[in-house]
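Engineer: As they're listed, the protein sequences go chains A and B. Count along the first sequence from 1, add 1266, and you get the number used in my numbering. Count along the second sequence from 1, add 15, and you get the number used in my numbering. First the structure, which I've put down as structure tokens, then a few questions once you've had a look.
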Amino acid sequence: MKFVEKIEEHAERKQRALSMGGEEKLAKRREKGMLNARERVHYLLDPGSFVESGLFSTSMQPKDRDRTPADGKIVGFGRIESRRVGIVSNDFTVKGASSSPVNSNKMEHVKKVGARSGFPVVFLGESTGARMPDIMGAKGIIGVNNDPQQYMRLRTNPWAAAVLGLSFGSATWYSAMADFTVMKKGACMAVSSPRLVALATRQEVDFEELGGWRLHSEVTGLVDMVVDTDEQALDAIRNYLGYLPSHANEAPPRHEVPKGSDEACEGILDLIPEAKGQVYDVRKVIDRIVDQGSTFELKPRFGKTLVTALARIDGRSVGIIANNPFFKGGAIDADACDKAISLLVQCDSYNIPVVFLVDQPGFLIGIEAERRRMPGKVMNWLNALAQCTVPKFSVIMRKSYGLAVRNMGGSNNANEVAAWWSAEVSFMDPRSGVAVVHGISPEDDPEAHAAHLEEMSRDTSAYDLASINGARAVIDPRETRQYLKNMLDVYEDSYSGGVGQHHLRNWPTGF
Amino acid sequence: MAIIEIKAEITGNVWTIQVRPGDQIDEDTPILILESMKMEIPIVATDGGKVVDILVSEGDTVQEGATIARLEV
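What follows is the structure in structure tokens.
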């Protein structure tokens, strides 16, 4: 046989490159029930579809060349549900997947190919941050080939990220920039490690406090979903990408409609209390309207007065923005504003129509709201809504008061508005209106109060709204799904193939 | 096992208390109902767990952020 030596050397080098940080480190991970970086790639991608890029790369430092297989970041291309993706999987067993000039170049390469060819890029995060001491000094921190657009995000193609272990530096940056980020319980996402924090500031802090799942799912909102295992995180990414197009210049894929989806909406009345003062959990209402089993809720533990989700109606992807009276009566707070904007950005960037489900008493007011910069957030939301060019449909279920009427698509801020017959629209609750204008309560003067209340309640019904085309349909709640199916069909843009103008594609990526 | 505090997310009057110390409850189970903004607003368990104690009584006014119950999760 010819080239025997070359062939043998190639096989031997390949074997070494695939061995990651060695059997001992890999065994420790197995004991903890953690997948290694290559197992994660193979679990996520369609079988046999992985095409690796940079397998033979190593550290540039001569002393590290033989112990940095693939230089700690495994990258390449593959398919998920037959659709192309790029992938970066941090190999924590090789120098903690720390960032180096060589492996950063690999990541940049995959990002560029994904943007060039039009497919999503997935980042599986677990990294210690910049590689020490390599990054020290001018040559380390400045380098000669740094890309000034490394952290530019124009949302030309979707990015999804998973935080699967200790993540500082690189893994954190990409998780913060991604369109969707899932976090495994027990993982940590922070700018730098507790050890560095303690050295720099003497603040003693543990992983959970500094960057655990509770912090990011409840306080920062930087994480969209929390799961228990590696496999669940990878399944979540697979599901998420199923709602999105491969790139911004096409419509999302259409899926088959599960049986029983139309029938489920029939039971919607069981969920809504007749008494105005009683509340319900809007997540159950969403489940009755969308294709069965298609609700993919985002940031469920953050800004809970408003629900955001991806879902499908009639097999088409939609983004849902719904007030949830179950929490704070549905009053919209600062976190809820950020959450709504984040969904609008995603939908506008990737051609996903937006559905508003409205039942809200207004913005939450008070000291805390002002400290949290409510005026800025309310205006950001309206600015985003005005720039959002995908079809927007708003269904007013019960009350909708104040300026927030507009944020939720009313007053021509959605392409179509429908009202359930239970809808009530005004500047504020009529009872509050009486108190503001006349300064009396029912106890002060029952007769006068009743007369003023009647006056304040005038012109607030679904039919009053419909009489001036503020709602172009008044519907029975059980007709909601059919109404939205009709509108999605009517608004399918035959000129563009369902591709919007993406004014929000360069909206800031973090919160 | 850890003890977590359930806090009122909004200022209001305690209308009814719906669970008792010792009860095993799921995430999102209403612990009590507050009357606020002319609505009956539930304060729910943020995780599933066992009710350790309830720190307010019916008729009390609670402030936003006040701890109303503790759960063992």
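From the three backbone atoms N, C-alpha and C, an ideal C-beta is built for every residue, glycine too.
Just tell me which of A:1687, A:1718, A:1669 has its CA closest to the CA of residue 1694 of chain A.
Structural biologist: A:1669
Engineer: Taking CB distances under 7 Å as the criterion, tell me whether residue 1544 of chain A reaches chain B.
Structural biologist: yes
Engineer: Since residue 1473 of chain A meets chain B, which of its residues come closer than 9 Å, beta carbon to beta carbon?
Structural biologist: Proximity of chain B to residue 1473 of chain A at the Cβ level (cut-off 9 Å) is not reached, the minimal Cβ distance being about 15 Å.
Engineer: Taking 6 Å as the limit between beta carbons, can you name the residues of its chain near residue 71 of chain B, skipping five residues before and five after?
Structural biologist: Excluding positions up to five away in sequence, the list reads 29, 77, 83.
Engineer: In the segment 68-83 of chain B, which residues sit with their C-beta less than 9 Å from some C-beta in chain A, listed in chain order?
Structural biologist: 79, 80
Engineer: My parser needs the alpha helix (DSSP H) runs of 4 or more residues fully inside the segment 1278-1304 of chain A; what are they?
Structural biologist: 1289-1297
Engineer: Could you tell me how far apart the beta carbons of residue 1676 of chain A and residue 1658 of chain A are, in whole angstroms, since I believe they sit closer than 8 Å?
Structural biologist: With a Cβ gap of about 11 Å, residue 1676 of chain A and residue 1658 of chain A do not count as contacting.
Engineer: Could you spell out where the beta strand (DSSP E) holding residue 1343 of chain A opens and where it closes?
Structural biologist: Segment 1339-1346, the beta strand (DSSP E) holding residue 1343 of chain A.
Engineer: Hey, is the segment 1361-1378 of chain A in contact with the segment 1387-1397 of chain A, meaning 3+ C-beta pairs nearer than 8 Å?
Structural biologist: yes
Engineer: For residue 1699 of chain A, which of helix, strand or coil comes out of DSSP?
Structural biologist: helix
Engineer: With 7 Å set as the bound, which would you pick, yes or no: does the beta-carbon of residue 24 of chain B sit closer than that to a beta-carbon of chain A?
Structural biologist: yes
Engineer: Can you round the beta-carbon distance between residue 1443 of chain A and residue 1419 of chain A to whole angstroms, since I take them to be within the 8 Å contact cut?
Structural biologist: 5 Å
Engineer: Cα separation between residue 1720 of chain A and residue 1691 of chain A?
Structural biologist: 15 Å
Engineer: The alpha helix (DSSP H) that contains residue 1652 of chain A, what's its start and end?
Structural biologist: 1640-1653
Engineer: Can you give me, in chain order, the residues of the segment 1585-1603 of chain A that have a beta carbon less than 8 Å from any beta carbon in chain B?
Structural biologist: 1591, 1592, 1593, 1594, 1595, 1597
Engineer: Rounded to whole angstroms, what's the CA-CA distance from residue 1585 of chain A to residue 1509 of chain A? Just pull it up for me.
Structural biologist: 9 Å
Engineer: Residue 1634 of chain A versus chain B: which residues are under 8 Å apart at the beta carbon?
Structural biologist: Going along chain B in sequence order, the residues near residue 1634 of chain A (Cβ under 8 Å) are 79.
Engineer: Name the chain B residues whose beta carbon is nearer than 8 Å to that of residue 1697 of chain A?
Structural biologist: For residue 1697 of chain A, the neighbours in chain B by C-beta distance under 8 Å run, in chain order, 53.
Engineer: Give the DSSP-derived three-state secondary structure of residue 1447 of chain A in the structure shown.
Structural biologist: DSSP, reduced to helix, strand and coil, places residue 1447 of chain A within a strand of the structure shown.
Engineer: Is there a Cβ from chain A that is less than 7 Å from the Cβ of residue 56 of chain B?
Structural biologist: Output row for residue 56 of chain B: interface = yes.
Engineer: Just mark residue 1788 of chain A as buried or exposed, buried being the case when its beta carbon has 16 or more other beta carbons within 10 Å.
Structural biologist: The question about residue 1788 of chain A has no answer, for chain A in this structure spans 1267 to 1777.
Engineer: Residues of the segment 1609-1633 of chain A in Cβ contact with chain B at a cutoff of 7 Å, in chain order, please.
Structural biologist: 1627
Engineer: Starting from residue 1748 of chain A and walking both ways along the alpha helix (DSSP H), at which residues does that stretch end?
Structural biologist: 1746-1756
Engineer: Reducing DSSP to helix, strand and coil, say where residue 1685 of chain A ends up.
Structural biologist: strand
Engineer: Considering residue 1667 of chain A, what are the terminal residues of the alpha helix (DSSP H) in which it resides?
Structural biologist: Careful: residue 1667 of chain A lies outside any alpha helix (DSSP H), inside the beta strand (DSSP E) at 1658-1667.
Engineer: Assign residue 1352 of chain A to one of three DSSP states: helix, strand, or coil.
Structural biologist: strand
Engineer: State the start and end residues of the unbroken beta strand (DSSP E) segment that holds residue 1464 of chain A.
Structural biologist: From DSSP, residue 1464 of chain A is part of no beta strand (DSSP E) but of the alpha helix (DSSP H) over 1460-1467.
Engineer: Residues bridged to residue 1626 of chain A by DSSP?
Structural biologist: A:1666
Engineer: In three-state terms, what does DSSP make of residue 58 of chain B?
Structural biologist: strand
Engineer: If you follow the beta strand (DSSP E) that residue 1379 of chain A is part of, which residue opens it and which one closes it?
Structural biologist: Not the beta strand (DSSP E): residue 1379 of chain A falls in the alpha helix (DSSP H), residues 1367-1383.
Engineer: Can you give me the C-alpha to C-alpha distance between residue 1379 of chain A and residue 1352 of chain A, rounded to a whole angstrom?
Structural biologist: 8 Å
Engineer: Using CA atoms only, rank isn't needed, just tell me which of A:1514, A:1500, A:1330, A:1683 is closest to residue 1303 of chain A.
Structural biologist: A:1500
Engineer: Taking its Cβ as the centre, do 16 or more other Cβ atoms sit within 10 Å of residue 1761 of chain A, making it buried, or is it exposed?
Structural biologist: exposed
Engineer: Applying the 10 Å Cβ sphere with the 16-neighbour rule, what's the burial state of residue 1725 of chain A?
Structural biologist: exposed
Engineer: Report the residue from A:1288, A:1711, A:1590, A:1517 whose alpha carbon sits nearest the alpha carbon of residue 1582 of chain A.
Structural biologist: A:1517
Engineer: Which residue's Cα is closest to the Cα of residue 1368 of chain A: A:1382, A:1401, A:1620?
Structural biologist: A:1401
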